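K.L.:
My questions will all concern the structure given below.
Numbering (this note's numbering), first residue to last: 12 to 132.
As structure tokens, then:
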């Protein structure tokens, strides 16, 4: 999902998705990846971009047009902070089986249980 809430990709892992690094003139893009699986807690991981070191190479190579117009307009001045995402989902506490106590009336239990009943005093 991008900063505007638009879903960019929906699928299964592993996956490779091509993302734009820029989100307007001199504005870096930002995305969120949501991992879900039945029985596990949902996890949302941000994808962020940073200024590419080669962007400053425009100064040394005389590319003022590239530095002030082309790279900021195309997003070429940014690169991913992390190229890979590797996350582990945790089991949902809501889906974990919990021991409980069931109370039955004498008329509600199967006949084969009655031989194992213990009287309470």
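The beta-carbon is built from N, C-alpha and C at its ideal position, and this holds for glycine as well. Please read these numbers as outputs of a predicted model, since none were measured by experiment.
#1: Report back the beta-carbon spacing between residue 40 and residue 57 to the nearest angstrom; my notes put them in contact at under 8 Å.
#2: Quick check: the Cα distance between residue 23 and residue 89, rounded to an integer number of angstroms?
#3: State the start and end residues of the unbroken alpha helix (DSSP H) segment that holds residue 90.
#4: If we call anything under 7 Å between Cβ atoms a contact, is residue 46 one with residue 83?
#5: How big is the Cα-Cα spacing for residue 98 and residue 12?
#6: Would you report the Cα separation of residue 54 and residue 18, rounded to the nearest angstrom?
#7: For residue 31, collect the residues of the same chain with a Cβ closer than 8 Å to its Cβ; drop the 5 residues on either side in sequence, then sort them by chain order.
#8: Bridge partners of residue 51, per DSSP?
#9: Give me the Cβ distance between residue 51 and residue 100, rounded to the nearest whole Å; I'm assuming they're in contact under 8 Å.
#10: Measure the alpha-carbon distance for residue 121 versus residue 130 and round it to whole angstroms.
#11: Who are the near neighbours of residue 112 in its chain, counting only those whose CB is closer than 7 Å to its CB and skipping five residues on each side?
#12: Residue 132 lies in the alpha helix (DSSP H); which residues open and close that run?
P.N.:
Straight from the coordinates:
#1: Locating residue 40 in the chain shown gives position 29, counting from the first residue. Locating residue 57 in the chain shown gives position 46, counting from the first residue. The distance from the Cβ of residue 40 to that of residue 57 is about 11 Å, inconsistent with a contact at the 8 Å cut-off.
#2: What you label residue 23 is simply residue 12 of the chain shown in a count that begins at 1. What you label residue 89 is simply residue 78 of the chain shown in a count that begins at 1. Distance between the alpha carbons of residue 23 and residue 89: 27 Å.
#3: Residue numbering aside, residue 90 sits at position 79 when the chain shown is read from its first letter. No alpha helix (DSSP H) contains residue 90, which is instead part of the beta strand (DSSP E) from 89-91.
#4: As a first step, residue 46 must be located in the chain shown, where it is residue number 35. As a first step, residue 83 must be located in the chain shown, where it is residue number 72. Their beta carbons are not under 7 Å apart, which means residue 46 does not touch residue 83 by this criterion.
#5: Counting from one through the chain shown, the residue named residue 98 turns up at place 87. Counting from one through the chain shown, the residue named residue 12 turns up at place 1. Approximately 17 Å, taken between the alpha carbons.
#6: Translated into the one-based positions of the chain shown, residue 54 becomes position 43. Translated into the one-based positions of the chain shown, residue 18 becomes position 7. The straight-line gap from Cα to Cα measures roughly 16 Å.
#7: Your numbering for residue 31 matches position 20 in the chain shown. Contacts found: 40, 86.
#8: Taking the first residue of the chain shown as position 1, residue 51 is located at position 40. Its beta-bridge partners are 102.
#9: Counting from one through the chain shown, the residue named residue 51 turns up at place 40. Counting from one through the chain shown, the residue named residue 100 turns up at place 89. Their Cβ separation, rounded to whole angstroms, is 4 Å, which keeps residue 51 and residue 100 in contact under 8 Å.
#10: Here residue 121 refers to the residue found at position 110 of the chain shown. Here residue 130 refers to the residue found at position 119 of the chain shown. A direct Cα-Cα distance of roughly 17 Å separates residue 121 from residue 130.
#11: Counting from one through the chain shown, the residue named residue 112 turns up at place 101. If the five residues before and after residue 112 are omitted, its C-beta is found closer than 7 Å to no C-beta atom of its own chain.
#12: Along the chain shown, read from residue 1 onward, the residue named residue 132 stands at position 121. Annotation: residue 132 is outside any alpha helix (DSSP H) and is labelled neither H nor E by DSSP.
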